[in-house]
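Report on one structure; see the data block that follows.
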Amino acid sequence: MTNDAAPLNFIEHIIEEDLKNDYKKDQLCFRFPPEPNGYLHIGHASSICLNFGLGERYNAPVNLRFDDTNPAKEEQEFVDAIKRDISWLGYKWSEERYASDYFQQLYDWAVQMIKDGKAYVDSQTSEAIAEQKGTPNTPGKSSPFRARSVEENLDLLEKMKNGETKEGEHVLRAKINMESPNMLMRDPVMYRTLNKHHHRTGTDWKIFPMYDWTHGESDYIEQVSHSFCTLEFLPHRELYDWFLDQVVDKDKLRPKQREFARRNLSHTVVSKRKLAQLVAAGVVTGWDDPRMSTISGLRRRGYTPESIKNFAESIGVGKRENLIDISHLEFNVREDLNKKAPRIMVVLDPVKLIISNYPDEKTEWLDAENNQEDESAGNREVPFSKELLIERDDFKEEANRKFFRLTIGKEVRLKNAYIIKGESVVKDAEGNITEIHCTYDPDSKSGSGSEASLRKVKGTLHWVSASHALLVEVRLYDRLFTEASPDTIKDKDFMEFVNPDSLEIITGFAEPSVKDSKPEDKFQFQRLGYFVVDPDTTSEKLVFNRTVPLRDSWGKLSD
Ligand code: ATP
Ligand code: MG
Numbered sequence: 004m005t006n007d008a009a010p011l012n013f014i015e016h017i018i019e020e021d022l023k024n025d026y027k028k029d030q031l032c033f034r035f036p037p038e039p040n041g042y043l044h045i046g047h048a049s050s051i052c053l054n055f056g057l058g059e060r061y062n063a064p065v066n067l068r069f070d071d072t073n074p075a076k077e078e079q080e081f082v083d084a085i086k087r088d089i090s091w092l093g094y095k096w097s098e099e100r101y102a103s104d105y106f107q108q109l110y111d112w113a114v115q116m117i118k119d120g121k122a123y124v125d126s127q128t129s130e131a132i133a134e135q136k137g138t139p140n141t142p143g144k145s146s147p148f149r150a151r152s153v154e155e156n157l158d159l160l161e162k163m164k165n166g167e168t169k170e171g172e173h174v175l176r177a178k179i180n181m182e183s184p185n186m187l188m189r190d191p192v193m194y195r196t197l198n199k200h201h202h203r204t205g206t207d208w209k210i211f212p213m214y215d216w217t218h219g220e221s222d223y224i225e226q227v228s229h230s231f232c233t234l235e236f237l238p239h240r241e242l243y244d245w246f247l248d249q250v251v252d253k254d255k256l257r258p259k260q261r262e263f264a265r266r267n268l269s270h271t272v273v274s275k276r277k278l279a280q281l282v283a284a285g286v287v288t289g290w291d292d293p294r295m296s297t298i299s300g301l302r303r304r305g306y307t308p309e310s311i312k313n314f315a316e317s318i319g320v321g322k323r324e325n326l327i328d329i330s331h332l333e334f335n336v337r338e339d340l341n342k343k344a345p346r347i348m349v350v351l352d353p354v355k356l357i358i359s360n361y362p363d364e365k366t367e368w369l370d371a372e373n374n375q376e377d378e379s380a381g382n383r384e385v386p387f388s389k390e391l392l393i394e395r396d397d398f399k400e401e402a403n404r405k406f407f408r409l410t411i412g413k414e415v416r417l418k419n420a421y422i423i424k425g426e427s428v429v430k431d432a433e434g435n436i437t438e439i440h441c442t443y444d445p446d447s448k449s450g451s452g453s454e455a456s457l458r459k460v461k462g463t464l465h466w467v468s469a470s471h472a473l474l475v476e477v478r479l480y481d482r483l484f485t486e487a488s489p490d491t492i493k494d495k496d497f498m499e500f501v502n503p504d505s506l507e508i509i510t511g512f513a514e515p516s517v518k519d520s521k522p523e524d525k526f527q528f529q530r531l532g533y534f535v536v537d538p539d540t541t542s543e544k545l546v547f548n549r550t551v552p553l554r555d556s557w558g559k560l561s562d
């Protein structure tokens, strides 16, 4: 038992039971087994947090094992991205392994299985094999090749291995039970021939092992105690155990496959295959596009490792699949950035505000707190002058009593600065407001302690000094899909539900303190949301991505 006070989840209960009956504590070992056929996504984060979390809880090793058995889809780029993402989340794997490390061992075992009469080479087409499989209610039929001699099987397998046969000509099948109620037990394929370049083994191997044949044996080779996978593998467990029966040595640890529910997130897709489609179709700029549900995309969007881990922990592990609303993920990043992100003032839709009683040439550098949630964040100075920019919708010529922003004849506070009062407007020929004129109260400076500064006014606005403002590119992201569950809609392809307005690019006017910001620096644009500096930033132009808007735009802010 561990000392951790948190209640155990069902996976931890399984482990506790196994510790009583089957394993010693120092035998516990876990693995995270991604296939390097794409970037990791938020669903994988659940599995990563589960496995590495157990490693931490039980002080047990966790291997990173690449399940690289399909050279047609796997690439080194994906291996690198997966390692980068797991490290960024803050986890350290014990050993970096590859299923391809075990190709020789798997082959040797397969040869032994042929000798034991437990495997045979089938030379039918995949269609014929599929037809003979039967249905869940009708037994399958045996292949005419099921009775092949051991010698012939060995000879053919070797030919397959050496590339002397064509793709699709033969497969190696386990000889189990064509009448099993579990369709997966009806002589599953163990090897197929693929004439493809593998990112690690090159052209050495012409035959590649199937998932079921590879996974459990890899767990066994690594002496993994618990092999956690998602629920769709529940029916595979019988086969996992059957394959282990063929090789397990009684003196060694026998791994167990156990299942937990896949996690799905609304308004996106969590499947590498589908994410790859979005990349290929150019719907997004790449796997790390800030709209993607990938870990790299979330990182570029401004998510922190903690926000992703907190999210995974808060949804926990379950036994039933469900759809988690994306707002839950957004909540977690807001919570984290609220503590960490320095505040700055940026105006996104500006209108000029002229303070008629402020001296023409004067600039004051006003003291501004970086983060009221974090005293150690310190202070900065922001320039204040006669001509400012404020948000266009922070002003109305006439407004009802619930409008706490600027109107003619009413007072509001400029954040970190003075109390002002709306006086008049200037409009262009079409009637659009081009300038707002106001007066300020010189005694009302924030933090001065004067009576005037303590005066309560209803609204507080953010602003920037027009001549000091830094023009920045701001990318406003919205949900990538218009439907909560775009890939489960009957007769429709998920690509039909891509939100055409998922990205809007505008120019923002930022206070000059952000000038030297670097990619991944995070800020709260006061009253607007959380933003992060994008790697597209150059020495000429800062580019910001909106991570999330603030939940509540108005009110709240006090001075
Ligand atoms: P994808 O369909 O995106 O390729 P996968 O399950 O095929 O997903 P793998 O690379 O094989 O991806 O997965 C590595 C591990 O992550 C597996 O143990 C898998 O069960 C787990 N995993 C993948 N997607 C999710 C998810 N949405 N929720 C929880 N765990 C997941
Ligand atoms: Mg997969």
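Add 3 to a position in the sequence shown, counting from 1, and you land on the number used in our numbering.
Each residue gets a CB set at the ideal place from its N, CA and C atoms; glycine is no exception.
- Exercise answer, beta-carbon shell around the ligand ATP heavy atoms below 7 Å: F35, P36, P37, E38, N40, G41, H44, G46, H47, S49, S50, D70, F231, C232, T233, R265, R266, N267, V273, S274, K275 and R276
- Query: For M4, which of helix, strand or coil comes out of DSSP?
  - Reply: Reliability fails at M4, whose pLDDT of 44 lies under 50, so the model's placement of it is uncertain and the value that follows must be treated cautiously. Correct three-state label for M4: coil.
- Continuous beta strand (DSSP E) stretch holding E476: start and end: L473 to Y480
- Message: I want to know whether the region 102-111 touches the region 144-152 - three or more CB-CB distances under 8 Å.
- Response: no
- Message: By alpha-carbon positions, which one of P308, F398, P552 and K136 ends up nearest to V192?
- Response: K136
- Task: Establish whether the CB of S221 and some CB of chain C are separated by less than 8 Å.
- Result: Among the chains of the structure shown, chain C does not appear; only one protein chain is present.
- Per DSSP, K355 is paired with what? L392 and E438
- Item | D111 - containing alpha helix (DSSP H), residue span | F106 to K118
- Item | Run of the alpha helix (DSSP H) containing A371, from where it starts to where it stops | Run containing A371: none in the alpha helix (DSSP H); it sits in the beta strand (DSSP E), E367 to E372.
- Kindly indicate the opening and closing residues of the alpha helix (DSSP H) around G58. I45 to Y61
- Query: With C-beta atoms as the reference, is E400 less than 8 Å away from I411?
  - Reply: yes
- Can you round the beta-carbon distance between V460 and R408 to whole angstroms, since I take them to be within the 8 Å contact cut? V460 to R408, Cβ: 11 Å. No contact.
- Query: Going by Cα to Cα distance, which pick from A315, R68, L31 and I51 is closest to V336?
  - Reply: A315
- Query: When you compare each of E161, D431, R68 and I508 to I589 by their alpha carbons, which one comes out closest?
  - Reply: Residue 589 lies beyond the stretch modelled for the chain, which goes from 4 to 562, so this question has no answer here.
- Message: Is the separation between the beta-carbon of Y123 and that of L340 shorter than 8 Å?
- Response: no
- Please state whether DSSP places I492 in a helix, a strand or coil. coil
- Message: Under 7 Å: does the beta carbon of D244 sit that close to some heavy atom of the ligand FMN?
- Response: Ligands in the displayed structure: the ligand ATP and the ligand MG; the ligand FMN is not one of them.
- Message: What ranges does the beta strand (DSSP E) occupy inside the region 311-344, keeping only unbroken runs of at least 3 residues that lie completely in it?
- Response: 325-327
- Message: Looking at D537: is its Cβ nearer than 8 Å to the Cβ of F547?
- Response: yes
- Closest residue to H270 among V251, I509, S330 and K518 (Cα-Cα distance): S330
- Task: Assign G93 to one of three DSSP states: helix, strand, or coil.
- Result: coil
- Query: Under 8 Å between the Cβ atoms of A420 and V467?
  - Reply: no
- DSSP state of P308 mapped onto helix, strand, coil: helix
- Delimiting residues of the beta strand (DSSP E) encompassing H229: H229 to T233
- Item | DSSP-derived helix/strand/coil call for Q260 | strand
- Message: Determine whether the beta carbon atoms of I117 and L160 lie at a separation below 8 Å.
- Response: yes
- Query: If we ignore side chains and look at the alpha-carbon of each, how far apart do S90 and I298 end up?
  - Reply: 11 Å
- Query: Run through DSSP, which three-state label would G300 get?
  - Reply: helix
- Output yes or no for whether 8 Å exceeds the beta carbon distance between V477 and R549. yes
- Look up L560 in the DSSP assignment and say whether it is helix, strand or coil. Here the model assigns L560 a pLDDT of 45, short of 50, so the residue's position is not dependable, and the following value carries that caveat. Three-state DSSP puts L560 in coil, outside helix and strand.
- Using 8 Å as the threshold, is the region 225-242 in touch with the region 31-40, meaning 3 or more CB pairs across them? yes
- Alpha carbon of L143 to alpha carbon of C52, nearest angstrom: Here residue 143 turns out to be Gly, not Leu, going by the sequence shown. C-alpha separation (whole angstroms): 41 Å.
- Task: Determine the direct distance from the alpha carbon of H201 to that of L157, and round the result to whole angstroms.
- Result: 24 Å
- If you draw a straight line from the alpha carbon of E241 to that of M213, how long is it in whole angstroms? 16 Å
- In DSSP terms, what S468 is bridged to: L391
- Query: Which of helix, strand or coil does DSSP assign to G273?
  - Reply: Just to set this straight, residue 273 is Val in the shown sequence, not Gly. Coil.
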